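Asker: Below: one structure in structure tokens.
Residue numbers (this note's numbering): 57 to 374.
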């Protein structure tokens with residue numbers, strides 16, 4: 057019996073790439089293929105910086121292809137973030153802009169979703185990118201903070217708190233799993249604000265007692281939303297639930313004290329307040345990093361509310 061060998065047709069797995077979408081000086085977040093003898097062969101690997109010579113080489117090819125699954129990587133997205141971050145890791149302004157862009161995408165999808173959908177994989181990729189940058193740049197905090205956009209936008213605040221928390225966690229020598237847990241809690245700690253009346257959230261005058269109680273429910277709402285998105289890690293849930301607790305028992309929702317708060321919750325409580333103080337608000341001035349930390353350490357109303365060891369570390373880092 058004669059056996060006839062046939063080549064498998066993989067053309068349905070690839071799509072044409074327009075050379076005009078590729079610019080000199082950019083990093084390519086996907087593999088680029090050419091077709092040889094009916095086989096698709098990689099000629100440029102993902103993460104490659106496109107030089108003039110490489111661009112000319114690509115232009116000389118009869119046809120270029122990328123995997124269909126990589127089509128979304130042609131623009132900045134959660135999936136392509138790591139490639140852009142690695143290429144721009146030594147450019148503080150650009151790397152912060154990339155993080156802002158993807159964080160905004162994440163929160164835009166969440167805010168517009170009737171089902172409160174959070175792309176957990178996207179959140180993890182943002183956190184992993186921050187961890188990578190912190191470990192790459194010994195002066196990450198000082199190099200990064202000058203490029204922050206200090207307003208009260210949810211995506212920006214959440215990103216800032218994540219960055220501050222991971223800086224502290226890294227200094228405390230948390231392992232990668234702990235950093236991912238801490239960063240995820242920080243990024244998602246305020247998602248429950250979506251359930252609060254926006255007129256109350258945006259109010260510039262003092263809240264009434266009923267309004268304050270309404271806002272205080274956001275911690276519980278955040279936990280509910282995170283659980284709804286199949287994130288059930290107890291360390292993440294605890295940190296989110298208790299990021300407004302205070303060492304002196306004056307926080308909410310459970311009036312926990314120093315011995316009852318987890319390390320993650322203690323860190324988030326500091327980072328949350330620090331970002332609020334260093335961001336512009338209609339009813340008060342924006343404080344510098346030093347002023348904010350000094351207030352948190354010495355102000356009569358805040359002196360007993362936070363972990364002093366962590367505040368001292370933050371003072372040296374931020």
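The beta-carbon is built from N, C-alpha and C at its ideal position, and this holds for glycine as well. What you are looking at is a predicted structure, and each value in this text was computed from that prediction instead of being measured.
Answer yes or no: does any C-beta atom of chain D fall closer than 8 Å to that of residue 304?
Answerer: Among the protein chains of the structure shown there is no chain D, as only one such chain exists.
Asker: Measuring straight from C-alpha to C-alpha, what distance separates residue 61 and residue 95?
Answerer: Model confidence at residue 61 stands at a pLDDT of 41, short of 50, so the residue's coordinates are unreliable; what they give is reported in the following sentence. Taking the straight line from one Cα to the other gives about 15 Å.
Asker: For residue 363, is the classification buried or exposed, using 16 other Cβ atoms within 10 angstroms of its Cβ as the cut-off for buried?
Answerer: With 16 or more Cβ atoms within 10 Å of its Cβ, residue 363 is classed as buried.
Asker: Is the distance from the Cβ of residue 106 to the Cβ of residue 155 below 8 Å?
Answerer: No, these two residues do not count as a Cβ contact at 8 Å.
Asker: How many Å lie between residue 143 and residue 356 at the Cα?
Answerer: So the alpha carbons of these two residues sit roughly 46 Å apart.
Asker: Should residue 133 and residue 161 be called a contact, given that it needs their Cβ atoms to be closer than 8 Å?
Answerer: For residue 133 and residue 161, yes; Cβs fall inside 8 Å.
Asker: Please state whether the Cβ-Cβ distance between residue 206 and residue 306 is less than 8 Å.
Answerer: Result no, Cβ atoms of residue 206 and residue 306 do not sit closer than 8 Å.
Asker: Would residue 249 and residue 210 qualify as a contact pair, given that the criterion is a beta-carbon distance under 8 Å?
Answerer: Yes; because the gap between Cβ atoms is below 8 Å, this pair is in contact.
Asker: Does DSSP classify residue 280 as helix, strand or coil?
Answerer: Helix, per DSSP.
Asker: Quick check on the DSSP output: what are the complete alpha helix (DSSP H) runs of length 4 or more inside the stretch 287-335, in order along the chain?
Answerer: Here the runs fully enclosed are 290-297, 319-333.
Asker: DSSP three-state label for residue 366, please.
Answerer: DSSP places residue 366 in helix when its eight states are reduced to three.
Asker: Determine the direct distance from the alpha carbon of residue 308 to that of residue 240, and round the result to whole angstroms.
Answerer: Their backbone Cα atoms lie some 21 Å apart in a straight line.
Asker: Alpha carbon to alpha carbon, how far is residue 158 from residue 173? Give it in angstroms, no decimals.
Answerer: So the two alpha carbons sit approximately 16 Å from each other.
Asker: Run through DSSP, which three-state label would residue 359 get?
Answerer: Coil.
Asker: How many Å lie between residue 372 and residue 245 at the Cα?
Answerer: Rounded to the nearest angstrom, the two C-alpha atoms are 25 Å apart.
Asker: Mind checking residue 317: buried by the 16 CB within 10 Å criterion, or exposed?
Answerer: Label assigned to residue 317: buried.
Asker: Check residue 104 in the structure and name its three-state DSSP category.
Answerer: DSSP places residue 104 in strand when its eight states are reduced to three.
Asker: Report yes if the C-beta of residue 315 is less than 7 Å from at least one heavy atom of the ligand MG; otherwise report no.
Answerer: As far as ligands go, the structure on display features none, and thus does not contain the ligand MG.
Asker: Hey, could you find the ends of the alpha helix (DSSP H) residue 223 is sitting in?
Answerer: That run of the alpha helix (DSSP H) goes 210-227.
Asker: Residue 72 bridges to which residues according to DSSP?
Answerer: According to DSSP, residue 72 bridges with 121.
Asker: Residue 141 and residue 189: beta carbons closer than 8 Å?
Answerer: Yes; because the gap between Cβ atoms is below 8 Å, this pair is in contact.
Asker: Just grab the DSSP bridge partners of residue 83 for me.
Answerer: Residue 83 is bridged to 105.
Asker: Below 8 Å, how does it come out for the stretch 260-270 and the stretch 191-208: are there three or more Cβ pairs, yes or no?
Answerer: The stretch 260-270, when compared against the stretch 191-208, does not touch it at the 8 Å Cβ threshold.
Asker: Alpha helix (DSSP H) containing residue 204: first to last residue?
Answerer: Counting along the chain, residue 204 falls outside any alpha helix (DSSP H), and DSSP gives it neither H nor E.
Asker: What residue range does the alpha helix (DSSP H) around residue 350 cover?
Answerer: Segment 345-354, the alpha helix (DSSP H) holding residue 350.
Asker: DSSP three-state call for residue 174: helix, strand or coil?
Answerer: Reduced to three states, the DSSP call for residue 174 is coil.
Asker: Could you say which of 101, 138, 247, 349 lies nearest to residue 330 if we only look at CA atoms?
Answerer: Among 101, 138, 247, 349, the Cα nearest to that of residue 330 is on 349.
Asker: Looking only at its chain, what residues have a beta carbon closer than 8 Å to the beta carbon of residue 279, apart from the 5 residues adjacent to it on each side?
Answerer: Correct list, in chain order: 248, 293, 296, 297.
Asker: Tell me whether residue 89 sits in a helix, a strand or coil according to DSSP, three-state version.
Answerer: Of the three classes helix, strand and coil, the one that applies to residue 89 here is strand, per DSSP.
Asker: Taking the alpha carbon of residue 104 as the point to measure from, which residue in 265, 242, 78 has its own alpha carbon closest?
Answerer: Of the candidates 265, 242, 78, the one whose C-alpha sits nearest the C-alpha of residue 104 is 78.
Asker: What number of angstroms, rounded off, separates the C-alpha of residue 89 from the C-alpha of residue 80?
Answerer: Cα to Cα, residue 89 sits roughly 18 Å from residue 80.
Asker: Could you name the residues of the same chain whose beta carbon sits closer than 7 Å to that of residue 115, not counting the 5 residues immediately before and after it, in chain order?
Answerer: Excluding sequence neighbours, residue 115 sits near 75.
Asker: Below 8 Å between beta carbons: does that hold for residue 283 and residue 236?
Answerer: No, these two residues do not count as a Cβ contact at 8 Å.
Asker: How would you label residue 181, buried or exposed, when you count the other beta carbons within 10 angstroms and need 16 or more for buried?
Answerer: Buried is the call here.
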